[in-house]
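**Q**
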Amino acid sequence: MNKRFGLWVFWMLFAGLTASCGPLTDTPKPEQTLNSAPSSENLISPNAQSQASSTSALEVPAPIAMPPSYSDRPPEPGQMQSSTMPNGLPALQPKGINVESLFATKINDSDQRFARLENAVLDLRREFETFKPAITRLVAVESDIQDLIKQLDILLRNEPMAPPMPLKPETGPTPLTAADQAPPPNARAISPAPPQPPAAPPAPKAVSGKTVVKALRVGQHSDKIRLVLDVSKKTSYSADLDAEEKLLIIELPEAQWNAARQQSFARSELLQSYSVEPINDGAGSRVVMTLKRPTQLIKQQALPPGNGNADHRIFLDLSL
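Numbered per my numbering, the sequence shown spans residues 1458 to 1777.
1) If you measure between the beta carbons of A1696 and T1752, is that distance less than 9 Å?
2) At what residues does the beta strand (DSSP E) containing T1587 begin and finish?
3) Tell me the residue span of the beta strand (DSSP E) that contains R1683.
4) Can you check whether the CB of H1769 is closer than 9 Å to the CB of K1667?
5) Across which residues does DSSP place I1706 in a beta bridge pair?
6) With the cut-off set at 9 Å, would you say Q1713 and V1670 are in Cβ contact?
7) Could you compute how far the alpha carbon of P1735 sits from the alpha carbon of S1693?
8) What does the alpha-carbon distance come out to for the pair E1584 and R1614?
9) What would DSSP say about I1564, mapped onto helix, strand or coil?
10) Given that a residue counts as buried once 16 or more other Cβ atoms are within 10 Å of its Cβ, and exposed if not, what is L1609?
11) Determine the closest residue to N1715 out of V1744, L1698 and I1564, with distance taken between C-alpha atoms.
12) Looking at the ligand GDP, does it come within less than 8 Å of D1604, judged from the CB to the closest heavy atom?
13) Taking C-beta to C-beta, are L1684 and L1760 nearer than 9 Å?
14) Between I1682 and K1756, what straight-line distance do the alpha-carbon atoms span, to the nearest angstrom?
As structure tokens, then:
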């Protein structure tokens, strides 16, 4: 009886010791307790983090297969990557696993955490710089396309219209028949009359006691043309030559005109025609001479009577 009671007490003590001294694998360690606390880097529940820690402690990560002919090590955070590829195009290197595990490492030091964040921002900036030329080219291509569309629109609007159709077809002259070409019977040849030259207006009669212009004469020379005005008395005059307008204006403010008031010069190389109009209420005269081409007034002078001529003379020489 005492032996049975002693065995039963022994088994009870053994079972209690076994229950109190079980495996310590689930007991959290001090480091795990600190890491399981919620932080700004990893906001997950403590149970889920403890399960992930136990699972990661038991599992062994598989090796990552590298691409063929790859000998470069991945750049550290903050390091400069290659900006171009062997063909000269901008290098577009994806981060891959580095992006997924960028902030996986637990860092308690605030300075190191800010440094890691700055390096990540620098890497992001460098990747943007590699994309920037492609974006610039894309914007330029889009601008060129818009310019081409505008030019095509202008060409379509300015396209010439088709010429209008003629209302009636052009027809040649109707040929004459034999009856139309035959001369009429008893037809007499009538010669055309020669044209009659236009009658010059009669010269006005000279007024006694006043200065009058009796005639305007033209003399042809090899290098000049001389205009001569025959005046009854000595009188004042002025001559103005406008080469651009091809006009010669002669004014005699105190001499009336007693010759032909207009005349044409068909055979002259320089003179075309002239006309006379009264000035100073009929007391004077103005001669407007029209020229065929520009010329120069070489010489002008008033001469007294002489050499068998009783009239005063005013001459003007024009170059040929």
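Note that beta-carbon positions come from the ideal geometry of N, C-alpha and C, so glycine has one too.
**A** To lay it out plainly:
1) By one-based count along the sequence shown, residue 1696 stands at place 239. By one-based count along the sequence shown, residue 1752 stands at place 295. In this structure, T1752 does not lie closer than 9 Å to A1696 by Cβ.
2) The residue you call residue 1587 lines up with position 130 of the sequence shown. That residue, T1587, is in no beta strand (DSSP E); its alpha helix (DSSP H) goes S1567 to R1614.
3) Start at 1 with the first residue of the sequence shown, and residue 1683 comes out as number 226. Judged by DSSP secondary structure, R1683 falls within the beta strand (DSSP E) whose first and last residues are K1681 to V1688.
4) Here residue 1667 corresponds to residue number 210 of the sequence shown, with the count starting at 1. Here residue 1769 corresponds to residue number 312 of the sequence shown, with the count starting at 1. Not closer than 9 Å, so no.
5) Looking up residue 1706 in the sequence shown gives position 249. According to DSSP, I1706 bridges with D1697 and V1745.
6) Against the sequence shown, residue 1713 aligns to sequence position 256. Against the sequence shown, residue 1670 aligns to sequence position 213. A contact, by the Cβ cut-off of 9 Å.
7) Position 278 of the sequence shown, counting from 1, holds the residue named residue 1735. Position 236 of the sequence shown, counting from 1, holds the residue named residue 1693. Rounded to the nearest angstrom, the two C-alpha atoms are 15 Å apart.
8) In the sequence shown, the residue the question calls residue 1584 occupies position 127. In the sequence shown, the residue the question calls residue 1614 occupies position 157. A direct Cα-to-Cα measurement between E1584 and R1614 gives close to 46 Å.
9) Taking the sequence shown and counting its residues from 1, one reaches residue 1564 at position 107. In the structure shown, I1564 sits in coil (DSSP, three-state: anything other than H, G, I, E or B).
10) By one-based count along the sequence shown, residue 1609 stands at place 152. Exposed, because fewer than 16 other Cβ atoms sit within 10 Å of the Cβ of L1609.
11) Start at 1 with the first residue of the sequence shown, and residue 1715 comes out as number 258. For the residues V1744, L1698 and I1564, the minimum Cα distance to N1715 belongs to V1744.
12) The ligand GDP is not part of this structure, which contains no ligands at all.
13) Within the sequence shown, the letter at position 227 stands for residue 1684. Within the sequence shown, the letter at position 303 stands for residue 1760. No; because the gap between Cβ atoms is not below 9 Å, this pair is not in contact.
14) The residue given as residue 1682 occupies position 225 in the sequence shown. The residue given as residue 1756 occupies position 299 in the sequence shown. About 11 Å.
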